[in-house]
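FYI, this note's numbering numbers position 272 of the sequence shown as 466, with every residue one higher than the one before it. Cβ coordinates follow ideal geometry from the N, Cα and C atoms, glycine included. Reviewing the structure listed below.
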Amino acid sequence: MAKANAVSDKIPAVGNPPFLYGSFSAIWVYLKVPIATLNQILAKQSNALAAFPFDDLAEGGQDYGLMNINFMSYSSDSGVNDPQSYADILKPITYADPAPASMGIEPTHECEINIVSYATAKTAQTPFGLTSSQFIQGRDHTKTLGNYRLWVPCDDRIAVYWGMHNFGENKVMTYPFIYQNPAPNNPGRTSWEFTIPAPVAEPATSALFSLSVDDLVGGPGVVGSNQSEIIDFSLYPHAATNPASQRLVASRRNVFGQFACMTLESAKTAGVAFPDCTVKLGNSPHPMVADLATMLGGSGLFRPAGMMTYHSAPAVAESALYYADI
């Protein structure tokens, strides 16, 4: 029994199997923020984390770290299609609700608001001196640095529910995302433009924020990379359970394939500039908007400190029609 307790102290009891994505498209936009600001935001949720200071970002005697906005669209196949899931599609869901009906092929859009952090308990193992370019290209081989998921707006109630239960995420269910992004079936699209609408508990006329940035379409400054395993930090048990205390937990996300990537180093070597990124904060009263305003200083035009994009390979292709009677 003592041995079992020792194991449970080291592994969260949830013990779910890996979540498997059927398709996955994503962009990560990294933005430079003063360390003091990032730690101020982190401290509102946990004292177990600190924002990582990247040496190459230091400026004017001040340390800087990275936050990132990670938009993703993905599908997963549960193997179960329940018609009730379609009737419930915009119905708010909470942690305490019963597990939602499954939609079979689950189309999901979510956008993580992340702070690149490390567990203060692992300060001795943390690779101080690592540059932002090295981190973005996946060269933190200690895997002590990760994304603390500050907020995760998501328009799929099933992903919201299981994200909270299985991964401790700060998921926020919203109205359906609005976007025009590059994709295998949208090959002419050369920019990412998405609006993250308000939580379903608010009027549909509200919004959290929007972002637009040109795609990384190849050429000077764009390099291949793979940051996997991507470390995702959360707190467990979920805050919705009103626990006496929470522990810092992490999961490892493996993305199979090559990212298109631009870093400060690759851009400087190629003599090119990052595409400008426009972020517009919305009128929602949700604290996510206030946190973004604190980190970014408000809406505006920003020069990223790094970018990554990824599209999973198509599994099947069906060609256009041809005349078969000749």
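For K462, the enclosing alpha helix (DSSP H) begins and ends at L458 to A464.
One thing to note: N275 has its Cβ no nearer than 7 angstroms to the Cβ of G254.
By the criterion of at least three beta-carbon pairs nearer than 8 angstroms, the segment 373 to 385 is not in contact with the segment 322 to 333. The DSSP-derived three-state label of G340 is strand. Our two residues, Y215 and I520, have alpha carbons roughly 42 angstroms apart in a direct line. Beta-bridge pairing by DSSP links E253 to Q256.
A direct Cα-Cα distance of roughly 35 angstroms separates C348 from A318. Collapsing the DSSP output to three states places Y355 in a helix. Cβ contact annotation for Q278 (same chain, cutoff 6 angstroms, sequence separation greater than five): A295, in chain order. If the five residues before and after F218 are omitted, its C-beta is found closer than 6 angstroms to the C-beta atoms of Y268 and S506, all from its own chain and listed in chain order.
Per DSSP, N379 has no beta-bridge partner at all.
By the criterion of a C-beta distance shorter than 6 angstroms, P370 is surrounded in its chain by D349, once the five residues flanking it on both sides are discounted. The Cβ atoms of S439 and F361 lie no closer than 7 angstroms to each other. For T320, same chain residues with a beta-carbon under 6 angstroms away, outside a window of 5 residues either side, are Y312 and T338 in chain order. About 6 angstroms separates the beta carbons of A245 and L236, which is inside the 8 angstroms limit, making them a contact pair. Taking the C-beta atoms as reference points, R343 is found no nearer than 7 angstroms to E304. DSSP places K238 outside both helix and strand once states are collapsed to three, so it counts as coil. One thing to note: V310 has its Cβ no nearer than 7 angstroms to the Cβ of G357. In the DSSP assignment, F403 falls within the unbroken beta strand (DSSP E) covering A401 to D408. L515 carries a coil assignment under DSSP once its states are collapsed to helix, strand and coil. For L402, the closest C-alpha among the options D485, S460, S419 and A509 is that of D485.
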